[in-house]
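These protein sequences, in sequence, are chains P and Y. Under our numbering, the first residue of the first sequence is numbered 230, with each subsequent residue one higher. Under our numbering, the first residue of the second sequence is numbered 2, with each subsequent residue one higher. Here the structure comes first, spelled out in C-alpha cells, and everything after it is commentary.
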Amino acid sequence: MRKTIWFIVLVAALLLSACGGGLSGGGKVTLRLWGHQDPGFQKANDDLIAKFKAANPNIDVKYETFSYDDYIQKLQTSMAAGNEADVIEMFGTWTCSYALGGRLQEVPADIMTYDQAAKIFYKAPLDGYYCGDKLYGLPVEFNQENGGALVNPVLFEKHNVPYPPKWNTFADMIADAQKLTEYDASGKMTTSGFDFVTGDGLPATLFAGILEQGGSYFAADGKHFNFDTPEAKKTIQMMVDLVQKYKVVDPVLFNDTSNEVSTSFFTGNIAIGFRGSWAAGTGVSEYPDMKFGYVEIPTYFGGERHFAADSGWGEVVSVNTKHAAEAWKFVQFMMTVPENAMLYNIDSRTIPAMKVNVEKPDALLAVAPYMQATFDLLPHGQYVGNVTNHDQLFYEIIYPDVLEALQGVTTVDEAAKKINDDANAMVDAK
Amino acid sequence: MANLAIPLKSKTNTKTGRGMRAGENGFVIGTMTPLMAYMIFFALLPMVWAFVLGFFDYSPARAGIGFLGLGGANPFIGLGNYKAMFANSEPARVFRMAVGNTFLFAFLVLPLNLIITLPLAILVESVNSRIKGLFRAIYFLPTISSSVAVAIMWNFIYNPQQGLLNSLIKSIGLTPPHAWLTDPNAFVLGVPLAMIAVIIAYLWQDFGYNLVIFMAALQGIPGEIRDAARVDGANVWQEFWQITLPLLQPTTLLICVMTMLSSFQVFVIFQVMTNGGPSNQTTPLVMSIYLNAFKYQNMGWAAAISFVLFLIILAVTAIQFRLLRTDWEY
Chain P
230 MRKTIWFIVL VAALLLSACG GGLSGGGKVT LRLWGHQDPG FQKANDDLIA
280 KFKAANPNID VKYETFSYDD YIQKLQTSMA AGNEADVIEM FGTWTCSYAL
330 GGRLQEVPAD IMTYDQAAKI FYKAPLDGYY CGDKLYGLPV EFNQENGGAL
380 VNPVLFEKHN VPYPPKWNTF ADMIADAQKL TEYDASGKMT TSGFDFVTGD
430 GLPATLFAGI LEQGGSYFAA DGKHFNFDTP EAKKTIQMMV DLVQKYKVVD
480 PVLFNDTSNE VSTSFFTGNI AIGFRGSWAA GTGVSEYPDM KFGYVEIPTY
530 FGGERHFAAD SGWGEVVSVN TKHAAEAWKF VQFMMTVPEN AMLYNIDSRT
580 IPAMKVNVEK PDALLAVAPY MQATFDLLPH GQYVGNVTNH DQLFYEIIYP
630 DVLEALQGVT TVDEAAKKIN DDANAMVDAK
Chain Y
2 MANLAIPLKS KTNTKTGRGM RAGENGFVIG TMTPLMAYMI FFALLPMVWA
52 FVLGFFDYSP ARAGIGFLGL GGANPFIGLG NYKAMFANSE PARVFRMAVG
102 NTFLFAFLVL PLNLIITLPL AILVESVNSR IKGLFRAIYF LPTISSSVAV
152 AIMWNFIYNP QQGLLNSLIK SIGLTPPHAW LTDPNAFVLG VPLAMIAVII
202 AYLWQDFGYN LVIFMAALQG IPGEIRDAAR VDGANVWQEF WQITLPLLQP
252 TTLLICVMTM LSSFQVFVIF QVMTNGGPSN QTTPLVMSIY LNAFKYQNMG
302 WAAAISFVLF LIILAVTAIQ FRLLRTDWEY
C-alpha cells in the first residue's frame with residue numbers, strides 16, 4: 230500500500246513539473262519565445278527582450294532556441310501537444326500552413342490591420358503572413374535570394390576581367406563568367422565562373438524568369454500551379470544553356486551537395502556565386518580575411534526586374550497562449566517600432582522588411598555595406614504566394630527536377646512537365 | 002540455554018511450493034516498474050500511435066477535433082495511405098524507389114561485410130596475442146566514431162576536385178569518375194556509383210563491430226576439434242570450410258540479423274553524404290519517412306511507410322532465422 234502511494238506521488242510530481250508556469254510570483258506574466266539558432270538572430274532577440282523588459286517590468290520573456298532542422302520538428306510536435314511557446318519566430322512561407330490549420334492567432338486589429346501593415350512593410354515579406362484574407366503575424370526580414378551575387382576580385386584580377394563588374398546585360402555577365410571558369414588537366418571544372426545551382430537559386434531563377442516574361446506560375450484557381458508554360462520552359466532552357474552552351478558551371482560537381490555556393494565561394498572555387506545577401510553576412514563573420522564583393526546582377530531577359538521572394542522571418546502568436554495581450558504587445562514592440570526593427574536587422578544582418586528602414590539604412594550599411602546592392606531590388610519583388618509547402622516545392626520538386634535537366638538526365642520539356650505534375654500532386658495531397 | 006532464535010518464516014506460494022524472501026517482491030517491482038514504464042511510454046505507445054497515424058491523413062500543422070488531434074482537418078482515410086503506395090504518383094514513385102534502394106543497400110552491405118570481417122577476424126586471431134588487442138582496437142575505432150563525422154570525412158575523400166581518393170587514382174595513372182556522389186549518370190553493374198560510395202563509407206565504419214564478434218566466436222571454438230581435424234589430414238581450407246565455418250553458424254546468424262537490422266535503418270550517412278541524391282538514387286526508406294514526417298508535414302503517409310519498413314524488417318529477420326538456425330551446440 231505504501232509503495233502504491235509513493236508511486237502515485239512520484240507520477241503526480243512528474244506531471245505537475247511538466248506543466249508550464251505562465252505566472253511568476255507577484256502577478257508577473259512570463260512569455261515564452263521560440264526561435265532558431267543563429268548567432269545574429271539570437272543577439273537580436275536578446276537585445277530586444279532586454280529593451281522590452283525594461284519598458285514592461287511586469288512581463289518576463291523566456292527565450293529558447295533550436296537548431297533549424299530541430300526547430301521545424303519542435304514546432305510540429307509541440308503544436309500537436311498544445312505546449313508551444315506564446316510567441317514564435319516563424320518564416321513567412323510556413324505561416325499559412327499553421328494558420329489555416331488553426332494553430333495561430335490572427336493579429337488583433339488594434340495592433341495592426343493588413344492595410345496598415347501594407348503601408349509600412351514591403352508586400353513580399355508581409356504577404357507570407359497574410360492567409361485567407363487574415364493577417365497572422367508581422368515580418369522583420371525581407372528574405373532576398375534574387376538579383377545579387379558574391380564576386381571574387383582575386384579571380385577577376387587573375388583572369389583580367391574588370392572589377393568591380395559593370396554588367397549591362399545578362400550576356401555581359403555570362404561572358405565574364407566564361408573567362409573566370411577554370412579546369413584542371415583532365416578537363417574537370419575546378420572553378421565555376423557562375424554558380425547558381427542551389428536549392429534556393431534554381432527556384433528563385435525559375436520564378437524570376439517566368440515573372441520577367443510577364444508569365445505566372447499559378448493556375449487559374451490560384452492554388453494549383455502551371456509550370457508547363459512557354460515562360461517556364463524558356464527559363465529552364467536559359468539555365469540549361471548556362472551549363473551546356475556557355476559552360477560556366479558543371480552541375481554534377483557544383484550543386485547543393487557538392488561544392489555548395491555559400492562555402493565553396495569562400496574557398497576560392499567560385500568566381501560569381503548566386504546567393505542571397507545573407508551569404509555575404511556569413512562570409513564577413515566566418516571568413517574575415519576573404520576579399521569579396523556583393524553586386525547586383527542583370528535581369529535574365531533584359532526587361533524590367535520582377536522576382537518572387539519567399540517572405541522572411543517574423544513573429545507569430547500561438548492560438549494556445551494564455552497571455553495573448555502581452556504576447557501581441559511584445560510582437561508589436563519588436564516588429565512595428567522602426568528603431569527596434571532596425572536593431573533586429575543590424576544584429577541579424579538581415580534586409581529590413583520595413584520600408585522606412587530601407588529608406589534610412591545608414592546604421593545598417595555601416596555593419597553590412599554589401600546590402601546596398603539589394604536595396605534597389607526590393608520594390609520589384611512580390612510574395613511567392615501560397616505555395617502549399619515551401620520546402621517541398623523548392624527543395625524536393627523544383628531543385629531536383631531542374632537539376633536533372635541541367636545534368637542532362639531529362640529534357641527541358643520533361644523537366645517543366647515534371648515540376649508541374651509534382652507540384653500539383655503536392656497541392657492535391659494536402 | 003533456551004533457544005531464543007526466532008525462526009524466519011518465508012512466504013510460500015502454496016501452489017508452487019517456492020518461496021520468496023521478504024523484500025524480493027519489492028525489489029522486483031521497484032526495478033521493473035521504471036523499465037516497464039519506460040518501455041510502455043517511449044517504445045510501445047509511440048509504436049501504437051505510429052500505426053494508428055497510418056490510417057489518417059494527418060499533419061501536425063492542422064488542428065484536429067478528436068482525440069490527440071485526429072479527425073476533423075486530419076480525417077480518417079482507412080487504407081488510403083497504403084493504397085497510395087501503388088499509385089502512379091510522384092510520392093509513390095519515390096516510395097518504391099526508396100524500397101528498392103533500401104533492399105539494394107542492405108543486400109550489398111551484408112555479404113560485403115561478411116567477406117571483409119570473417120577472413121580479417123581469422124587473420125587477427127592468428128597473430129601474437131600481444132598485438133591482437135592493438136589490431137582489434139584499431140579496427141573498432143571507426144565503429145565508435147560519430148556517423149556524422151565519418152560521413153563528412155568521406156565527403157572530403159570523395160571530393161571531385163581536392164579529394165584524397167581522386168588524387169590517389171590519378172597518381173597511379175588512372176582516370177577517376179567525374180563525381181563519386183553527385184553524378185546521376187554513373188553506374189557500376191547497374192548500381193548507382195553514389196550508392197556504392199556510400200556503401201564503402203558505411204562498411205568502413207561498421208565492419209569493426211562484426212569483426213570483434215567473429216573474433217570472440219573464433220576464440221570459443223574448442224581447440225580439440227581443430228586438432229582432431231589436423232590429425233585426420235585436413236588442410237587449412239578444409240579446416241575452414243568444414244570445421245570453422247559450420248561452427249560459426251550461430252554467430253553468423255547473429256551477425257546477419259544485426260547487420261540487416263541496422264542496414265535497413267541507416268539514415269545519417271545518407272543524409273550527410275548525398276541527401277538522398279542524385280535523383281533519389283540514394284534515398285532509403287528511413288530518409289523518406291523523415292522527409293515526409295518533418296519536412297512535408299505528411300505524418301500519416303510517413304507513419305504508413307514506417308509500418309511497411311517494420312514489416313519488411315520482420316520478414317527478413319524471420320527468413321534469416323529460418324535459413325541459418327542451428328539445432329546443435331558445442
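Just so you know, even glycine gets a beta-carbon here, dropped at the ideal spot from N, CA and C.
Spatial distance of residue i from residue j (CA atoms)
{"i": "Y:F136", "j": "P:S540", "result": "56 Å"}
{"i": "Y:M48", "j": "Y:M196", "result": "30 Å"}
{"i": "P:A404", "j": "P:K395", "result": "12 Å"}
{"i": "Y:A202", "j": "Y:V151", "result": "8 Å"}
{"i": "Y:G164", "j": "Y:T183", "result": "14 Å"}
{"i": "P:F350", "j": "P:I499", "result": "35 Å"}
{"i": "P:N586", "j": "P:P567", "result": "7 Å"}
{"i": "P:Q302", "j": "Y:I222", "result": "50 Å"}
{"i": "Y:I170", "j": "Y:M261", "result": "32 Å"}
{"i": "P:G264", "j": "P:V380", "result": "31 Å"}
{"i": "P:T617", "j": "P:L304", "result": "17 Å"}
{"i": "P:K291", "j": "P:G331", "result": "24 Å"}
{"i": "P:D457", "j": "Y:T118", "result": "53 Å"}
{"i": "P:D362", "j": "Y:I145", "result": "54 Å"}
{"i": "P:S514", "j": "P:W507", "result": "11 Å"}
{"i": "P:G250", "j": "Y:V29", "result": "Low confidence applies to P:G250: its pLDDT is 44, below 50, so where it sits in the model is not reliable, and the reading given next is rough at best. Approximately 36 Å, taken between the alpha carbons."}
{"i": "P:G517", "j": "P:P598", "result": "For the record, residue 517 of chain P in the displayed sequence is Pro; it is not Gly. Each residue's Cα considered, the two are about 14 Å apart."}
Per DSSP, the bridge partner or partners of residue i
{"i": "P:C325", "result": "DSSP lists no partner for P:C325."}
{"i": "P:M418", "result": "P:Y412"}
{"i": "P:L260", "result": "P:V290"}
{"i": "P:C360", "result": "P:K363"}
{"i": "P:S317", "result": "Note on residue identity: the sequence assigns Ile, not Ser, to residue 317 of chain P. BP columns for P:I317 point to P:W263 and P:V545."}
{"i": "P:Q611", "result": "P:A537"}
{"i": "P:L333", "result": "P:S547"}
Listed by chain order, chain P residues near residue i by CB distance under 7 Å
{"i": "Y:D184", "result": "V481"}
{"i": "Y:M126", "result": "Rather than Met, the amino acid found at residue 126 of chain Y in this sequence is Glu. Residues of chain P passing the Cβ test: none, with the nearest at roughly 41 Å."}
{"i": "Y:K296", "result": "D620 and Q621"}
{"i": "Y:T176", "result": "S415"}
Partners in chain P for residue i, counting only beta-carbon separations shorter than 8 Å
{"i": "Y:N299", "result": "A658"}
{"i": "Y:A368", "result": "Any property of residue 368 of chain Y remains undetermined from this structure, which presents chain Y solely from 2 to 331."}
{"i": "Y:A74", "result": "G330 and G331"}
{"i": "Y:N276", "result": "D485 and T486"}
Residue i (DSSP reduced to helix, strand or coil)
{"i": "P:V546", "result": "strand"}
{"i": "P:M402", "result": "helix"}
{"i": "P:D576", "result": "helix"}
{"i": "P:E525", "result": "strand"}
{"i": "P:D642", "result": "helix"}
{"i": "P:M308", "result": "helix"}
{"i": "P:E489", "result": "coil"}
{"i": "P:G451", "result": "coil"}
{"i": "Y:L190", "result": "coil"}
Residue i classed as buried or exposed, judged by whether at least 16 other C-beta atoms fall within 10 angstroms
{"i": "Y:R63", "result": "buried"}
{"i": "Y:W181", "result": "buried"}
{"i": "P:Y297", "result": "exposed"}
{"i": "Y:N281", "result": "buried"}
{"i": "P:S663", "result": "No statement about residue 663 of chain P is possible, as the shown extent of chain P runs from 230 to 659 and does not include it."}
{"i": "P:W694", "result": "Outside the shown range of chain P (230 to 659) lies residue 694 of chain P, about which nothing can therefore be said."}
{"i": "P:T639", "result": "buried"}
{"i": "Y:R94", "result": "exposed"}
{"i": "P:P432", "result": "buried"}
Closer than 7 Å at the beta carbon, the chain Y residues around residue i
{"i": "P:Y327", "result": "A62"}
{"i": "P:R332", "result": "A62 and A64"}
{"i": "P:K646", "result": "Simply none; closest approach about 12 Å."}
{"i": "P:T306", "result": "P61"}
{"i": "P:T324", "result": "Residues of chain Y passing the Cβ test: none, with the nearest at roughly 10 Å."}
Partner residues on chain Y for residue i, Cβ-Cβ distance less than 8 Å
{"i": "P:D650", "result": "E91"}
{"i": "P:N274", "result": "Near P:N274 there are no residues of chain Y at all, since even the closest Cβ is about 24 Å away, more than 8 Å."}
{"i": "P:V638", "result": "P185, N186 and S280"}
{"i": "P:A654", "result": "S90, E91 and P92"}
{"i": "P:I301", "result": "F295 and K296"}
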